[in-house]
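Here the structure comes first, spelled out in structure tokens, and everything after it is commentary.
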Amino acid sequence: MSTNLGISDRDGTNLWQPKRGLNEWVEKGVKGLFALFALVSIATTVGIVLSLTYETIAFFSKVPIWRFLGETQWSPTFNNPQFGIIVLICGTFLTSLIATVVALPIGLLAAICLSEYAPEKMRRVIKPALEILAGVPTVVYGYFALLFVTPILKTFLPVEIFNALSAGLVMGIAILPLVASLSEDAIYAVPNSLRQGAYALGATKRETIVSVVLPSALSGIAASFILAISRAIGETMIVTIAAGQTPRLTLNPFANLQTMTAYIVQVSKGDTPAGSLVYQTIFAVGMTLFVMTLALNIFSFWFVRRFRQKYE
Amino acid sequence: MSTSRPIADLDSPSESNFNVALPSRHGLDKIFEVASWVATFVGLIVLAALLIDTVVDSLPRLSWGFITNFPSTRAVAAGVLPALVGTLWLLVLTTLVAFPLGVGAGIYLEEYAPDNLFTRAIEINISNLAAVPSIIYGLLGLQVFVRWLLPVTGGRSILAGALTLALLVLPIIIITTRESLRAIPGSLRQAGFALGATRWQVIREHIFPLALPGILTGTILAISRAIGETAPLIVVGAATFITFLPTNLQSKFTALPIQIFNWVSRPVVANPDKNFQFNAAAGIVVLMVVLLGMNSIAIFLRNKFQKGRA
Numbered sequence: 001m002s003t004n005l006g007i008s009d010r011d012g013t014n015l016w017q018p019k020r021g022l023n024e025w026v027e028k029g030v031k032g033l034f035a036l037f038a039l040v041s042i043a044t045t046v047g048i049v050l051s052l053t054y055e056t057i058a059f060f061s062k063v064p065i066w067r068f069l070g071e072t073q074w075s076p077t078f079n080n081p082q083f084g085i086i087v088l089i090c091g092t093f094l095t096s097l098i099a100t101v102v103a104l105p106i107g108l109l110a111a112i113c114l115s116e117y118a119p120e121k122m123r124r125v126i127k128p129a130l131e132i133l134a135g136v137p138t139v140v141y142g143y144f145a146l147l148f149v150t151p152i153l154k155t156f157l158p159v160e161i162f163n164a165l166s167a168g169l170v171m172g173i174a175i176l177p178l179v180a181s182l183s184e185d186a187i188y189a190v191p192n193s194l195r196q197g198a199y200a201l202g203a204t205k206r207e208t209i210v211s212v213v214l215p216s217a218l219s220g221i222a223a224s225f226i227l228a229i230s231r232a233i234g235e236t237m238i239v240t241i242a243a244g245q246t247p248r249l250t251l252n253p254f255a256n257l258q259t260m261t262a263y264i265v266q267v268s269k270g271d272t273p274a275g276s277l278v279y280q281t282i283f284a285v286g287m288t289l290f291v292m293t294l295a296l297n298i299f300s301f302w303f304v305r306r307f308r309q310k311y312e
Numbered sequence: 313m314s315t316s317r318p319i320a321d322l323d324s325p326s327e328s329n330f331n332v333a334l335p336s337r338h339g340l341d342k343i344f345e346v347a348s349w350v351a352t353f354v355g356l357i358v359l360a361a362l363l364i365d366t367v368v369d370s371l372p373r374l375s376w377g378f379i380t381n382f383p384s385t386r387a388v389a390a391g392v393l394p395a396l397v398g399t400l401w402l403l404v405l406t407t408l409v410a411f412p413l414g415v416g417a418g419i420y421l422e423e424y425a426p427d428n429l430f431t432r433a434i435e436i437n438i439s440n441l442a443a444v445p446s447i448i449y450g451l452l453g454l455q456v457f458v459r460w461l462l463p464v465t466g467g468r469s470i471l472a473g474a475l476t477l478a479l480l481v482l483p484i485i486i487i488t489t490r491e492s493l494r495a496i497p498g499s500l501r502q503a504g505f506a507l508g509a510t511r512w513q514v515i516r517e518h519i520f521p522l523a524l525p526g527i528l529t530g531t532i533l534a535i536s537r538a539i540g541e542t543a544p545l546i547v548v549g550a551a552t553f554i555t556f557l558p559t560n561l562q563s564k565f566t567a568l569p570i571q572i573f574n575w576v577s578r579p580v581v582a583n584p585d586k587n588f589q590f591n592a593a594a595g596i597v598v599l600m601v602v603l604l605g606m607n608s609i610a611i612f613l614r615n616k617f618q619k620g621r622a
């Protein structure tokens with residue numbers, strides 16, 4: 001490592017030469033450059049909002065917003081096109097609901113197990129394993145849903161080849177590690193004195209966990225739940241591959257349906273000319289998706305601030 | 313939260329009211345514990361099932377030819393060469409863009425930025441960006457890089473894809489950089505300042521080298537996440553059938569997840585002998601090997617780092 005600029009030569013002739021001027025310039029330059037880099041993140045947000053708004057406005061100038069919100073069919077490419085976003089929202093809602101019903105309870109229980117029951121050594125092995133599970137690309141989960149889970153479901157349920165149930169179940173497995181890992185962080189951070197206090201009052205381990213530890217970790221657990229829900233809403237490849245491409249207003253989990261994300265992929269796969277109405281629909285759908293996840297984020301932010309417990 | 317059953321009526325703690333009921337409470341405890349263990353292993357068992365199923369499916373197709381061949385309409389002759397090369401290009405380009413940007417921004421926010429409204433706005437913005445669905449980044453890339461910056465990126469090119477992925481991982485890299493920097497004790501900085509070093513000298517010579525392994529680990533994990541992303545690349549316009557390798561930044565491209573998606577989504581009716589399905593499985597194995605390689609490097613760095621500091 002070089003001892004740079006400020007400090008001197010060995011021979012002693014030139015012991016103190018701070019070169020303050022140059023250093024100040026370097027300092028300012030570095031600071032300015034890095035501040036610019038930090039602004040890239042703001043630019044990203046601005047870029048997302050601008051590009052979505054730009055095409056969405058163009059879309060709504062051709063299709064009035066009440067048709068977008070009011071119609072009950074989604075068929076933008078038909079001769080007599082209909083634009084009822086509710087159809088796609090319904091698909092997203094159903095698959096996300098199934099996924100959260102799987103992921104939230106199992107994830108929370110796994111988090112409790114890792115933090116409270118598992119020996120420290122085991123925790124150190126299982127936690128990275130769960131994180132590997134979180135790192136598996138979603139296209140792989142999609143493959144798994146369509147070619148492994150659906151055939152199994154078919155043996156005892158009247159499911160179609162593409163169905164919301166299989167996609168939702170596998171999506172639940174895909175977001176489970178996220179819930180487990182983040183909730184575990186929150187539960188692990190609860191100070192031991194609270195547990196000891198509960199034990200001293202005669203509570204059993206389960207009673208301590210359920211009525212002392214979990215409420216103390218509430219804000220962190222809720223944040224992990226909300227993040228998981230927003231992941232499920234924005235998840236793309238599993239639902240595209242396994243839930244199908246048929247926009248349909250249904251809550252039947254055995255049926256083929258289409259989510260918002262799957263629609264965007266379907267249009268992107270084809271060669272849709274820029275500026276056409278169909279091209280603009282994917283931005284209107286994207287905008288809807290963005291607003292939904294943003295609302296969840298804001299809610300999560302508010303919730304964590306409101307319920308955070310600070311321990312010294 | 314109510315303290316529920318165990319502690320009975322507090323107003324009259326007479327012997328008759330105080331029902332300890334330990335056997336049934338311990339029974340419930342046992343059930344709860346077993347349930348939590350089952351929950352923990354559900355995920356791991358599914359992961360095992362997933363891997364075994366995929367590897368078994370891939371065996372008929374996994375060969376050297378599969379890696380060195382171009383895609384083909386005949387499943388048995390198809391290979392992943394352009395997809396693999398495209399993925400490696402994306403890997404390098406995304407890293408080149410995202411790493412300096414993310415680390416610089418992280419250093420600025422942690423070491424330089426004053427604690428004011430603007431800084432807090434950037435922070436909230438970054439944590440918000442980390443939760444935006446990846447397909448939205450695809451739409452951003454489509455509009456900004458493919459259309460508005462057409463002269464620079466050349467449209468649906470590998471550069472547009474890499475820039476989109478770079479924006480996708482940027483918030484994660486910034487967050488890990490800040491966490492790594494925060495773990496370096498403040499006394500080191502004060503020692504540097506006391507010797508007359510400027511802030512940048514302290515960062516460059518003392519803080520950054522110590523934080524680097526942590527930053528690298530986080531960055532590698534983030535980028536390996538990006539390499540597995542399919543949705544943003546489809547939206548930006550990765551091609552699905554490519555019979556040449558990328559030659560420059562403006563080349564059309566494909567990537568492993570795209571190729572896998574393409575094979576998985578072949579209609580079952582037109583593909584009764586399941587050969588494309590086996591191709592998809594083999595493609596997944598190749599992709600997982602790439603990701604596993606990256607993850608091992610990250611784990612290696614983390615372990616080395618932790619030993620060094622203990």
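Here the protein sequences come in this chain order: A and B. Note that our numbering has the first sequence beginning at 1, numbered continuously upward. Note that our numbering has the second sequence beginning at 313, numbered continuously upward. Note that CB positions come from ideal geometry on N, CA and C, so glycine has one too. No experiment lies behind these values; they were computed from the predicted model shown.
Please classify residue i: is it buried, with 16 or more other beta-carbons within 10 angstroms of its beta-carbon, or exposed?
i       : result
S8(A)   : The predicted position of S8(A) is uncertain, since its pLDDT is 46 and thus under 50; no value can be drawn from it.
T559(B) : exposed
G172(A) : buried
V346(B) : exposed
A523(B) : buried
L451(B) : buried
L33(A)  : exposed
P158(A) : exposed
I519(B) : buried
K205(A) : buried
P394(B) : buried
F353(B) : exposed
P483(B) : buried
S314(B) : Annotation note: pLDDT 48 at S314(B) (below 50); position unreliable, no value reported.
E120(A) : exposed
Q513(B) : buried
R373(B) : buried
N607(B) : buried
Going by DSSP, which residues form a beta bridge with residue i?
i      : result
F83(A) : W74(A)
Among residues of its own chain, excluding the 5 on either side of residue i, which ones have a beta-carbon nearer than 7 Å to its beta-carbon?
i       : result
E71(A)  : Q82, F83 and G84
L603(B) : S536, I539 and G540
A390(B) : N381, P383, S384 and N591
M292(A) : I233
E160(A) : F254, A255 and N256
I106(A) : L176
V464(B) : none
L396(B) : I379, L568 and V598
V392(B) : F378, I379, L568, Q571, G595 and V598
G467(B) : V458
Which same chain residues, not among the five before or five after residue i, have their C-beta less than 6 Å away from its C-beta?
i       : result
M237(A) : T138, V139 and G142
F573(B) : T542
A111(A) : A180, S183, E184 and I187
M260(A) : L88, T92, V285 and L289
L321(A) : Any answer about residue 321(A) is impossible in this case: the structure gives chain A only from 1 up to 312.
K564(B) : A551
T150(A) : S166
Anything in chain B within Cβ reach of residue i, meaning under 7 Å, just list it in chain order.
i       : result
A38(A)  : A417, Y420, L421 and I434
I112(A) : S348
M237(A) : T542, A543 and F573
P177(A) : G355
Kindly list, in the order they appear in chain A, the residues whose Cβ is closer than 9 Å to that of residue i.
i       : result
G540(B) : G135, V136, P137, T138, V139 and V140
D341(B) : T204, K205, R206 and E207
Can you pull the chain A neighbours of residue i, defined as C-beta to C-beta under 7 Å?
i       : result
T645(B) : Beyond the ends of chain B as shown, which are 313 and 622, falls residue 645(B); an answer cannot be given.
E287(B) : One cannot answer for residue 287(B) here, as it falls past the ends of chain B, which runs 313 to 622.
Given that residue i touches chain B, what residues does it touch there, using C-beta distances under 8 Å?
i       : result
E120(A) : In chain order: nothing, as chain B lies at least about 15 Å away.
F34(A)  : G416, A417, I419, Y420 and Y424
For residue i, I'd like the list of residues in its chain whose CB is within less than 8 Å of its CB, leaving aside the five on either flank, ordered along the chain.
i       : result
F299(A) : I226
N546(B) : Just to set this straight, residue 546(B) is Ile in the shown sequence, not Asn. Excluding positions up to five away in sequence, the list reads G450, I570 and F573.
Inset, instruction - Kindly provide the ranges of any alpha helix (DSSP H) runs that are 4 or more residues long and lie completely inside the segment 506 to 550 of chain B, ordered along the chain. - result: 511 to 514, 520 to 539 and 543 to 548
Inset, instruction - Within the segment 457 to 498 of chain B, note down every full alpha helix (DSSP H) run reaching 4 residues or more, in order along the chain. - result: 462 to 465 and 470 to 494
Inset, instruction - Note down, one range per segment and in chain order, each beta strand (DSSP E) of at least 3 residues found wholly within the segment 414 to 447 of chain B. - result: none
Legend entry - Contiguous alpha helix (DSSP H) assignments of at least 4 residues, all confined to the segment 117 to 153 of chain A: 120 to 135 and 138 to 144
Legend entry - Start-end ranges of the alpha helix (DSSP H) lying completely within the segment 200 to 255 of chain A, minimum 4 residues: 205 to 208, 218 to 234 and 237 to 242
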